[in-house]
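Everything on this sheet refers to the single structure shown next.
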Amino acid sequence: MTALEPSSLALTMLITLRTATRSDLPKLEWYGQYAHYRHIFQRAYREQQSGRRLILVADSNDFPIGHIFVQFIRPEAQELGGRAYLYSLRVMEMFQGHGIGTHLIGEAEKISAARGYEFTTIAAAKSNHGARRLYERLGYRVFGDDPGQWSFLDHEGKTRHVQEPCWLLQKELNLR
Ligand SMILES: CC(C)(COP(=O)(O)OP(=O)(O)OC[C@H]1O[C@@H](n2cnc3c(N)ncnc32)[C@H](O)[C@@H]1OP(=O)(O)O)[C@@H](O)C(=O)NCCC(=O)NCCS
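In the working numbering, the protein residues as written are 1076 to 1251.
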């Protein structure tokens, strides 16, 4: 073999979908790529402990290579009732396109249905055609849109403003 001839190794990866633990919090920042979301991750984790949110991770070798967050909105706080909001779906770039995102959404739906929610909703940035295509393939339908304006405090204490117009999609869950 010379340096110009590639040599390959075929590996099988085991990916486990599980609830995030406290030790996942720094790892969710993906080595700094998402450090600016530190407070958002911490708050979601606190709310997971009180049952109002869930951070579902796709774990490989004890590292969260993908995740989806679920907000369980109290029925009395909703206009339409019975909706769980899926958000922050992300899979590390090198693992995209292998079905991990699809599995994360499916598991989040199962958990929401088991808690008695009739619908799941999810937002896709209007510029993110791939995400919208994925959600529609999984049975989601657009029911509205949103200007997507919100703010958050980053890890350095600075307020960051986001403006990302998005489609709102929903799916009716099978509660059997
Ligand atoms: C969207 C995302 C979570 C999908 O995860 P995944 O494991 O790649 O998804 P799957 O393999 O189950 O499904 C593949 C589908 O995801 C979508 N997709 C793939 N790469 C994508 C990307 N970079 N951005 C958005 N959507 C993408 C496409 O619809 C693709 O289907 P296609 O091959 O027919 O085009 C992942 O691509 C990602 O993290 N993207 C960047 C963050 C993002 O856009 N999140 C969604 C916020 S609304």
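Ideal placement from N, C-alpha and C gives every residue a C-beta, glycine not left out.
Could you give the first and the last residue of the continuous alpha helix (DSSP H) run that contains residue i?
i, result
"A1116", "Checking the displayed sequence, the identity of residue 1116 turns out to be Phe instead of Ala. Note, F1116: alpha helix (DSSP H), R1113 to Q1124."
"Y1210", "H1204 to R1212"
"K1201", "Segment: none, K1201 is in no alpha helix (DSSP H) and carries neither H nor E."
Could you give the residue range of the beta strand (DSSP E) that holds residue i?
i, result
"I1148", "Taken as a continuous stretch (DSSP letters only), I1148 belongs to no beta strand (DSSP E), as it is neither H nor E."
"I1130", "R1128 to S1135"
"L1179", "Not the beta strand (DSSP E): L1179 falls in the alpha helix (DSSP H), residues I1175 to A1189."
"Y1160", "R1158 to V1166"
"Q1238", "T1234 to Q1238"
Compute the distance between the beta-carbons of residue i and residue j, then report whether it is under 9 Å.
i, j, result
"M1169", "W1105", "no"
"E1193", "G1157", "yes"
"P1240", "G1223", "yes"
"A1095", "H1230", "no"
"L1179", "G1141", "yes"
"S1146", "R1127", "A small correction: the amino acid at residue 1146 is Gln; Ser does not occupy that position in the sequence shown. Against a cut-off of 9 Å, the Cβ pair of R1127 and Q1146 comes out as a contact."
"I1197", "L1248", "no"
"L1243", "E1211", "no"
Cutting at 8 Å between CB atoms, please list the residues of its own chain near residue i, excluding the five before and the five after it.
i, result
"I1148", "R1158, A1159 and Y1160"
Counting C-beta neighbours from all protein chains within 10 Å, is the total for residue i 16 or more, i.e. buried, or is it exposed?
i, result
"S1187", "buried"
"K1185", "exposed"
"G1176", "buried"
"A1189", "exposed"
"A1199", "buried"
"A1085", "exposed"
"R1207", "buried"
Go through its chain and collect everything with a Cβ distance to residue i's Cβ below 7 Å, but skip five positions before and after it.
i, result
"T1234", "S1226 and L1228"
"F1138", "K1102"
"F1116", "L1100 and L1103"
"E1122", "R1128"
"E1182", "L1092 and L1131"
Please list, in chain order, all residues of the same chain as residue i whose beta carbon is under 6 Å from its beta carbon, the five residues on each side excluded.
i, result
"K1246", "T1195, G1214 and Y1215"
"A1119", "R1128, I1130 and F1144"
Shorter than 8 Å, the distance from the beta carbon of residue i to the closest heavy atom of ligand 2, or not?
i, result
"V1237", "For the structure depicted, ligand 2 is absent and the ligand set comprises only ligand 1."
Stretch-stretch touch, CB-based, cutoff 8 Å, three pairs: the segment 1126-1140 with the segment 1081-1096 | Yes, since at least three Cβ pairs between the segment 1126-1140 and the segment 1081-1096 fall closer than 8 Å, the two stretches touch.
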